[in-house]
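Visitor: Here the protein sequences line up with chains G and P, keeping their order. Reminder that position 56 of the first sequence reads as 56 in my numbering, one-by-one numbering, no gaps. Reminder that position 198 of the second sequence reads as 1198 in my numbering, one-by-one numbering, no gaps. Note that CB positions come from ideal geometry on N, CA and C, so glycine has one too. Sharing a structure here in structure tokens format.
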Amino acid sequence: MRRFVSFFVNGKPVDLEVDPRRRLLWVLRTELGLTGTKYGCGEQHCGACTVLIDGSAALACGVRMSSVSGKEVTTVEGLADGDRLHPVQQAFADHDALQCGFCTPGLVMGAVGLLGRNPSPDEDEIREGLERHLCRCGTHVRVLQAVQTASRVMREEDR
Amino acid sequence: MTTRRNFLKIAGSGIIVLFTVDISEMLAKRTMQVRGYPTDLNSYLRIGEDGRVSLFTGKVEMGQGVFTSLPQMLAEELDVALTSVDPVLGDTDLCPWDMGTFGSMSTRFFGPPMRKAAAEARAILVELGSEHLGVPAEGLGTRDGAVYVKAEPSRSVTYGALVQGKRIERTVDGTAPTQKQSEYTVSGVATTRLDGALKVTGKAKYSADLRMPGLMYAKLLRSPAHGSTLLDVDTTEAEAMDGVRVVRDGDLVAVLHEAPDLAELALAEVRARWQEPTEGVDSETVFDKLLADVPEAQVVTEGGDLATARAGATDVTETLYRARYVAHSAMEPHAAVAQVEGDRITVWASTQTPFPLQRQVAQALGWEPDRVRVITPFVGGGFGGKTFNLQAVEAARLAVLAKAPVNVTWSRREEFFFDTFRPATLVRVSAGLDADKRVAFWDFANMHGGNRSAEPCYHFPNHRVTAAGGWGGRGPAYHPLAVGAWRGPGANVNIWAMEAHMDEMARAAGMSPVDFRMANLTDERMKRVLRTAADQFGHPLAPAPSGKGYGVALATDAGTFVAAFAEVEVNRDRGTVQVKRIVCAQDMGEIVNPEGAKIQMEGCLTMGLGYALTEEIQFDKGAIFNENFDSYTIPRFSWVPKIEVLLVENPELPPQGGGEPAIVAVGAVLCNAIHDAIGVRLTELPMTPGRIRAALAAQ
């Protein structure tokens, strides 16, 4: 069973003939070679596969290909503007908000999604917004700082 | 095996300095068993014609930060820019043999000889510079990758120019002078991670990210429980599926597809019948088995006269502490990609031990080790769990059988199933007080957990500390599940039992937990760490239980001294614990990257919340019931307290461990804070809501 699915990935149109039951995570990683989106649990418990779909954070391991038709998918590879990092990426790097880095792309995308719906979250709102992201190395306190910094920078850029 | 000659052939031109890592101190302490560790060559550095400095070492970057700290040390010693250092990590073709990355040893054991090697290289460069510039060596200095004339700083020559067309090879003899620590400008300075940009952009490659033409993803048939026997298997339906290949070699049954999720779907169509074990222990009854079957105990330390002191002591208490099996749960599951080219195989693997893995793959294939190359990309967390590399052996076998490159990435269920858990452990502690309200005797026996950090930091005149079994040597044979090193192996449980019992003795003495510890300490280094943490915590601790939820714990691990304070809130009805604040001070000797050291401490304190409060493996007759993060709960954002970490300066002491010591204090400090809050002593880890409610009910 294969069907044509047309959608956008990081701003570029993509037309694929795929089994519509397949999950976005694996299509990104194999078909499209976008390996920044990680497999951590496969059952929507860890957040490592977080991407944006039409601007909202989604767990790619649970997203069926049949549901992405016409949608705009953004992965961690699509955030930076050339060599210029997205403010969330820059803040994660500046605050050393990462260790092994495996959960980092998911956390970065989760934070971008969070700031999209709440541009100036307080610390509790950031905790709540990122609660479904697991990080085994324990970078949480740095991530909280990084998201606050990114929020400030993005609001200043908007002004 | 690859030899010194091979490396030097690969190394090409430039200045090459070979060096050896002295691990005799570690071997003397018997903290791990290492056989056949070569003494002639463990690593080398090369200064190339482009002026870039490459460091070749078998260590890996798994989050602990050697990708940053080793270049810092090198850049300092060589007087080059930090950005001109290229670490080449964990590649068995390019790097000399290394036993692996674990035990908080990368900086501790690796740093000092690497510095000497760099000093040697710099001395050679000054010699060359002297010839080139026609100025005696005494009149020359080095900075920013160049040799310059001190009296005329504009006259200089770059390292790259000096090594042009040359080939100079040296082995460290340790005579070249090293830089003065007081003049360091790179080492000891807080530096943001050099791998940060790669990791925030998704460009950092992990093993499962490797792609190549013809790559197949394999999913393997797994048994429902350890100890099962495969009766029969029918792969007909799976084989009929589009794009599916089934590969079978004895009990190895794998379904291959060019998409991993479709391989998974096909695996679900494989029909297999298993004979599961009908006998065996479960998560509860394992403790009876472990208590009944204890190997001969080894003495960790003993002194004084235990029997006489015991007879004369007051307030004698004895407690049996127990801790459950705990999983590593790195966010990156075990992964490997194997590719055969000609008569050699290359295996990219998420491993902490590339060289032992090379041998393991060779053995599984029946090949000579020099036909196997292991390359270690970034590793997505190890914590001890990636010293076990079955996935890489599976990928190698399948690549040979299928005659195609093969990716084996374990599912989260496989990750739990095949984990080498932190061993379930029992610790019996008996102690009493003397007339001065100090510890009169200390009798401490670890069973099945390991000896690390069991030696008390206190001055106990009469003591005996033993350890029987554990995660190393023959210890695992006593466990019904596979066990291995888990961040701070043995130490988490030993320090928890020690410090919980110290709190009980403080209670018996009617003293504050801090005053009681001070009274039993003679080590000035530890006293200073305790005072530093106490000052930062800011609240004097009253004799427990005070109802405030304050706790303290001390720990020694990997040469580092730690003092932690915590404030917790316990919901008596629900039995839940919210950690409000943790203050942790650490003396780790000389510090290479203060920012990196703090990050490691924060990470330890956060990760430690899990083994202290929730993490435990549930099992029965070889079946593991934890299959994903819904049934195995690790720390989340909502759990994370206010964390304050302090580095106690002690630059005269060489660098000590940084990746593990702080986690070792977490179980203890929370146990003591919970006791201070609700007046009951939890004697089992993890301190789950159910156990807290039960302890309250029994009060």
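Compare the C-beta of K1199 (chain P) against all C-beta atoms of chain G and say whether one is closer than 8 Å.
Guide: Cβ-Cβ to chain G under 8 Å: yes for K1199 (chain P).
Visitor: How should S1084 (chain P) be labelled, buried or exposed, when 16 other C-beta atoms within 10 angstroms of its C-beta is the threshold for buried?
Guide: By the 10 Å Cβ count, S1084 (chain P) comes out buried.
Visitor: Only counting the same chain, and skipping five residues up and downstream in sequence, which positions put a Cβ closer than 7 Å to that of L1513 (chain P)?
Guide: Checking the sequence, you will find Pro at residue 1513 (chain P) rather than Leu. Around P1513 (chain P): D1503, A1506, L1541, A1544, V1552, N1672.
Visitor: Decide if R1574 (chain P) is buried, meaning its Cβ has at least 16 other Cβ atoms within 10 Å, or exposed.
Guide: Burial call: exposed.
Visitor: Could you name the residues of chain G that D1343 (chain P) contacts, counting a contact when the two beta carbons are closer than 8 Å?
Guide: None at all; the shortest Cβ gap to chain G is about 29 Å.
Visitor: Quick test of your reading: W1442 (chain P) and P1423 (chain P), contact by CB under 8 Å. State the CB separation rounded to the nearest angstrom.
Guide: The Cβ separation is near 23 Å, so there is no contact.
Visitor: Just how far apart, CA to CA, sit L1055 (chain P) and G1090 (chain P)?
Guide: Cα to Cα, L1055 (chain P) sits roughly 11 Å from G1090 (chain P).
Visitor: Which whole runs of the beta strand (DSSP E) in the segment 1525-1581 of chain P are 3 residues long or more, in chain order?
Guide: Listed in chain order, the complete beta strand (DSSP E) runs (minimum 3 residues) inside the segment 1525-1581 of chain P are 1550-1557, 1560-1571.
Visitor: According to DSSP, is G1129 (chain P) part of a helix, a strand, or is it coil?
Guide: Looking at G1129 (chain P) - three-state DSSP - the assignment turns out to be helix.
Visitor: Give me, in chain order, the residues of the same chain whose beta-carbon lies closer than 8 Å to that of L1696 (chain P); leave out the 5 immediate sequence neighbours on both sides.
Guide: Counting only Cβ-Cβ distances below 8 Å, and skipping sequence neighbours, we find R1572, G1575, I1678, V1680.
Visitor: Nearest-angstrom Cα distance between L1685 (chain P) and G1469 (chain P)?
Guide: So the alpha carbons of these two residues sit roughly 19 Å apart.
Visitor: Give the interface partners of E1595 (chain P) over in chain G, defined as CB-CB distance under 9 Å, in chain order.
Guide: Here the neighbours are D96.
Visitor: What would DSSP say about V18 (chain G), mapped onto helix, strand or coil?
Guide: Looking at V18 (chain G) - three-state DSSP - the assignment turns out to be strand.
Visitor: If we count Cβ pairs, one from each stretch, closer than 8 Å, do we get three or more for the segment 1216-1225 of chain P versus the segment 105-120 of chain G?
Guide: The segment 1216-1225 of chain P, when compared against the segment 105-120 of chain G, does not touch it at the 8 Å Cβ threshold.
Visitor: Taking P1260 (chain P) as the query, report the chain G residues whose CB atoms sit under 9 Å from its CB, ordered along the chain.
Guide: Ordered by position in chain G, the residues that pass the 9 Å Cβ test against P1260 (chain P) are W26, R29, T30, Y39.
Visitor: With H, G and I counted as helix, E and B as strand and the rest as coil, what does DSSP make of A1440 (chain P)?
Guide: Residue state, collapsed to three classes: strand.
Visitor: State the Cα-Cα distance for the pair G1690 (chain P) and A1323 (chain P), rounded to the nearest angstrom.
Guide: In a straight line, the C-alpha of G1690 (chain P) is about 15 Å away from that of A1323 (chain P).
Visitor: Under 8 Å between C-beta atoms, does N1628 (chain P) make it to chain G?
Guide: Yes, because at least one Cβ of chain G sits closer than 8 Å to the Cβ of N1628 (chain P).
Visitor: Using a 10 Å radius around the Cβ and a threshold of 16 neighbouring Cβ atoms, would you call G11 (chain G) buried or exposed?
Guide: By the neighbour-count rule (16 or more Cβ atoms within 10 Å), G11 (chain G) is not buried but exposed.
Visitor: With a CB to CB cut of under 7 Å and the five nearest residues on each side skipped, what residues in its chain are close to N1593 (chain P)?
Guide: Same-chain partners within the cutoff: G1065, T1068, S1069, Q1072, A1190, T1191.
Visitor: Provide the residue(s) that pair with H1463 (chain P) in DSSP beta bridges, ordered along the chain.
Guide: Answer is P:G1303, P:W1442, bridged to H1463 (chain P).
Visitor: Going by other Cβ atoms of all chains shown within 10 Å of its Cβ, with 16 needed for buried, is Q1033 (chain P) buried or exposed?
Guide: Here the model assigns Q1033 (chain P) a pLDDT of 42, short of 50, so the residue's position is not dependable and the matter cannot be decided.
Visitor: Anything in the segment 133-147 of chain G with a Cβ closer than 9 Å to a Cβ of chain P? List those residues in chain order, please.
Guide: Residues passing the 9 Å Cβ filter: H133, L134, C135, R136, C137, G138, T139, H140, V141, R142, V143, L144.
Visitor: Please go through the same chain and pick out, in chain order, the residues whose beta-carbon is closer than 8 Å to the beta-carbon of V18 (chain G), but skip the five residues on each side of it.
Guide: R2, R3, V5, V27, E31, M65.
Visitor: Within 8 Å (strictly less), CB to CB, does F7 (chain G) reach chain P?
Guide: No - not a single Cβ of chain P is within 8 Å of the one on F7 (chain G).
Visitor: Leaving aside the five residues before and after R1525 (chain P) along the sequence, list all residues of the same chain whose C-beta is less than 8 Å from its C-beta, in chain order.
Guide: Excluding positions up to five away in sequence, the list reads F1561, D1587, N1650.
Visitor: Is Q89 (chain G) helix, strand or coil by DSSP?
Guide: Three-state DSSP puts Q89 (chain G) in a helix.
Visitor: Along the alpha helix (DSSP H) that carries R1507 (chain P), what are the first and last residues, could you check?
Guide: Looking at the DSSP string, the run of the alpha helix (DSSP H) that includes R1507 (chain P) is 1491-1509.
Visitor: Spell out the partners DSSP gives H1257 (chain P) in its beta bridges.
Guide: DSSP lists P:Y1217 as partners of H1257 (chain P).
Visitor: Measure how close the beta-carbons of G1014 (chain P) and G1048 (chain P) come, nearest whole angstrom, since I'm counting them as under 8 Å.
Guide: Right, their Cβ atoms sit about 4 Å apart.
Visitor: Let me make sure I understand the geometry here. Which of P:L1647, P:S1154, P:V1147 has the alpha-carbon closest to that of V1163 (chain P)?
Guide: Residue P:V1147 is the option with its Cα nearest to V1163 (chain P).
Visitor: Residues in the same chain with beta-carbon distance under 6 Å from I1624 (chain P), minus the five sequence neighbours each way, listed in chain order, please.
Guide: Excluding residues within five positions, the ones whose Cβ falls inside 6 Å are F1416, F1417.
Visitor: Tell me the rounded alpha-carbon separation between Y1037 (chain P) and M1099 (chain P).
Guide: Residue placement at Y1037 (chain P) cannot be trusted, given a pLDDT of 46 that sits under 50; what the coordinates show is reported in the next sentence. In a straight line, the C-alpha of Y1037 (chain P) is about 7 Å away from that of M1099 (chain P).
Visitor: Taking 8 Å as the cut-off, does the segment 1197-1204 of chain P touch the segment 75-93 of chain G (at least 3 CB pairs, one atom from each stretch)?
Guide: As far as the Cβ criterion goes, the segment 75-93 of chain G touches the segment 1197-1204 of chain P, which means the pair count is three or higher.
Visitor: May I ask you to report which of helix, strand or coil DSSP gives M1447 (chain P)?
Guide: In this structure, M1447 (chain P) counts as strand in the three-state DSSP scheme.
Visitor: What's the C-alpha gap between V1233 (chain P) and V1270 (chain P)?
Guide: If I take the Cα positions, the gap works out to 7 Å.
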